[in-house]
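A.B. asks: With the working numbering applied, the sequence shown corresponds to residues 12 to 571, in that order.
What follows is a structure written as C-alpha cells; I'll ask about it next.
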Amino acid sequence: MQHAMPPNTVSPPTTKKSGPPPKTDVGRHRQATNVPVITPDVPKLPWTVENGVKVFHLTAEVVKRELMPENGMMPAKVVTIWGYNGTSPGPTIEVNEGDRVRIIFHNSLPEETTVHWHGLEVPVNMDGVPFISQPPVKPGESFVYEFTLNQNGTFFYHSHGAMQEMMGMIGLFIIHPKAPYQPAVQKDFGIILQEYAVLPNNSIPNSMSMEFNWLTFNGKAGPATTPMIVRLGDRVRIRMVNLGMDHHPIHIHGNQFYVTGTEGGRIPKSAWFPGNTVLVGVAQARDVEFDAIHPGDWMLHCHLPHHMMNNMTSMVGPMSHVGKGMHTGMGMEEGMGIVNEGHALAENLGPGMGRGMGTAQREQAQSHSIGQDQDKSRQSPERKVPGYPQDAFMMMPTDAAVAKPETNYLAPGWSASVQGMMTLVRVLPPDQYDRLMADVRQGRVVKGAEMPMDHGGMDHGQMQMPGRQEMDHGQMQMKPGSSAPAGGHEMHGNASKPRQQKSNRAGSQKSTRSTRKKTTVQKRKQSSTKRKTPRPETQAPAMDHSKMDMPGMDHSKHNM
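Structure, rendered in C-alpha cells:
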C-alpha cells in the first residue's frame, strides 16, 4: 500500500503587484493549475493507493455538530445529526478526472442506508438507489463502490433516503479536470447549504418540518462560519451545493461574478452570464468566478430574509385572532388534513398562514409581542413607532465567542451583521493578506483591532458600533468605566436624550405624588357617599403605569 499525495496541484505564484491590477489583466499571465479546494469548517477525506486505485473509507454515523458556540445571548447550539466520518456535512472527496476510485462504505447507523453519487456517470449498480441499483446496506454492514471518473466539476454524495438527507447526510465530491480551466483561479472554495428545524430545548432536528430556524454554510451558522481569505487581484471560484427544502438566492457584496458551472459540469464560456446573485436550487450545484479587485470584507449570504437570522420560527409567540378565518402556528397534521377531532370541513383543518414547527399552538385572542401596543408607556417617545422592534434586539455583537484567526482585524461588532446562512469573503492587500495567513497557520487569534484593515479609508478604530464600548455579548462583561456615548445615547440605537431630562423627571415625580395624594382623598369621600346607581365618574380612573413611583425603580430608564 502506497500513501498518496494530494491531487496534482502546484502553489499559485506569490509575486504580486502592490495594487489592484487592471481588470483586463487579472489572471491572464498566470499558469493554469488545479488548486486545492478549500472547504471551510469541513475536512478532506484521506485516501491511499492500491494498485493504481484511490481507496477511501466512508462511514455513515450519528454525529454532534456545533452550529453556534456559547455566547452571551444563548448557550452553545449543538445538534445531534447524521453524517459521515464524524462530521456533517461529510468530508470532501477531492480527486482528478480519469482516477479510478474505490469507496469502502460502512454503515454505523441504526437503520439501512446507501450512498448516491449525485451527478456522476457511474454504472447503475454503483448508483446507490436502495432496491433498484443495490440492496440497502444494513446496520453494521459494508458495501464497496468502485468506478472510473470520466467527468470534471462540482458534484456531491448523499444518502438516497429523504429523511436521512434532511438529517445532514451529504458531502462534496470535487473532480479536477485533466486540463485546468481557463482563466486560472488562485483560490477555490466549496460550500454546502443546509437547513434544520430544531426546537430551543432539543438537539435533534425535526426532519419532517417545512419551516427551518437554523440555516448553515458547511454546518455552521453565522457568525460562526469561517471567512474565506483572498489576496487582492486573485481570481476566485466559489462552488455551492444545496440539499434541503428551500432554494437559496446567494448574493455577494461589492463584486460581480460569472456563473461558470453547474452540477452537470463546466459551462461553455460563451454561455457564462454575469451577476451578483445566483439561485442555488435544491439538489443543484453552482460555480461562480470573479476577479477580486475590490479590497474589503464582503458579505456572501442567502438573501431570503428569514435565512439571514438564527433560531427563528414562524411563531415566536401567540398571535391575535378574531375567532374565525385562517390561523397561524398550525401543526403538521392539520396542514396535511388529518382528522383527529370534529369533521373534515372543520375550520381547524382549513388553510393556514405559515408552516408550523410544532413550537406553538394555534394563536390565542391576544396580541403578538412584536409591534403591538403592549406597555408602550414604558417606551421612550422615539420608540412608539408601529412595527417596532424588528432587528433592534437581534443584531448583537458576539465577536469574542466566534473569534478565530480568519476573523482577526475585522471591524468591532462585525458579528452582529452575520447571522444564519452568511459568511465573509475577505479581499486583502498583499501585506495584510500575508499577515492574516500567517495568523491562520499559527492558529493565532488577535484580541481587538491590533491592525485595522485599510478598506477604502475606513477607520475601524473610530467606528461607533451600538454597544461596542459597553458590551460584547461574546463575553457578556461590562467593561470598567463604561457609560453611554457622548450626548446621552443609549445602547442599541436609542435616540439621544439630553442629560438634563433626568432632573426634569425628578421634578415631575414630585408633582405626580402630590396629585395622586389629592386624588386618593377625593376617592375616599366619594366611596362614603351612598348612591342607588353607581355613576361612571365614581369608578377608579385607569391606572397610568408610567407615573407609578415604585421604590428604587425608574421606569423612564427601562428600554423594553
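Positions of the beta carbon are idealized from the N, C-alpha and C atoms, including for glycine.
Values in this document were obtained by computation on a predicted structure and should not be read as measured data.
(1) Which complete beta strand (DSSP E) runs does the region 386-440 hold, if anything under 3 residues is left out?
(2) Short check: CB of PRO400 to CB of SER426, under 9 Å?
(3) Closer than 6 Å by C-beta to PRO51: which residues in its own chain qualify, once you throw out the five before and the five after it? Chain order, please.
(4) Rounded to a whole number of angstroms, what is the C-alpha to C-alpha distance between PHE268 and GLU123?
(5) Roughly how many angstroms lie between the CA atoms of LEU183 and PRO441, to the nearest whole one?
(6) With a threshold of 7 Å on Cβ separation, who are the neighbours of GLN193 within its own chain once the five nearest residues in sequence on each side are excluded?
(7) Let me confirm a value: ILE143 is counted as buried when at least 16 other C-beta atoms fall within 10 Å, else exposed. Which label applies?
(8) Distance, Cα to Cα, ASN161 vs VAL247?
(9) Between which two residues does the alpha helix (DSSP H) carrying ALA173 extend?
(10) For ASN107, report the span of its beta strand (DSSP E) as first-last.
(11) Taking only the alpha-carbon atoms, compute the straight-line gap between ILE104 and PRO392 and give it to the nearest angstrom.
(12) Curious, which full-length alpha helix (DSSP H) runs of at least 4 residues does the region 133-168 contain?
(13) Going straight from the alpha carbon of ILE304 to that of ASN419, what length do you get?
(14) Between ASN107 and GLY276, what straight-line distance do the alpha-carbon atoms span, to the nearest angstrom?
(15) With H, G and I counted as helix, E and B as strand and the rest as coil, what does DSSP make of GLY446?
(16) Using CA atoms only, rank isn't needed, just tell me which of ASP245, ALA235, GLY201 and MET256 is closest to GLU222.
(17) If you draw a straight line from the C-alpha of HIS262 to the C-alpha of VAL299, how long is it?
(18) Which residue's Cα is closest to the Cα of MET84: ALA296, GLU274 and PRO234?
(19) What runs of the alpha helix (DSSP H), each 4 residues or longer, lie entirely inside the region 173-250?
(20) Measuring alpha carbon to alpha carbon, tell me which of ASN163, PRO423, MET432 and LEU447 ends up nearest VAL291.
(21) Quick one: what's got a C-beta closer than 7 Å to SER119's C-beta in the same chain, skipping five residues either side?
(22) On the DSSP bridge assignment, give the partners of GLU77 in chain order.
(23) I need the straight-line Cα distance from ASN62 to HIS187, nearest angstrom please.
(24) Mapping DSSP to helix, strand and coil, what is MET502?
(25) So, at 6 Å on beta carbons, what are the nonlocal neighbours of ILE49 in its own chain, with the 5 sequence-adjacent residues on each side left out?
C.D. replies: Quick answer:
(1) 433-439
(2) no
(3) ASN229 and THR237
(4) 42 Å
(5) 30 Å
(6) ALA43
(7) exposed
(8) 25 Å
(9) 173-177
(10) 101-107
(11) 58 Å
(12) none
(13) 21 Å
(14) 13 Å
(15) Position check: residue 446 holds Arg in this sequence, whereas Gly was assumed. If DSSP states are grouped into helix, strand and coil, ARG446 belongs with the helices.
(16) MET256
(17) 11 Å
(18) PRO234
(19) 173-177
(20) MET432
(21) THR70, ALA71 and GLU72
(22) VAL89
(23) 21 Å
(24) Confidence is the limiting factor: at MET502 the pLDDT is only 33, short of 50, which leaves the residue's position unreliable and the question unanswerable from this model.
(25) PHE200
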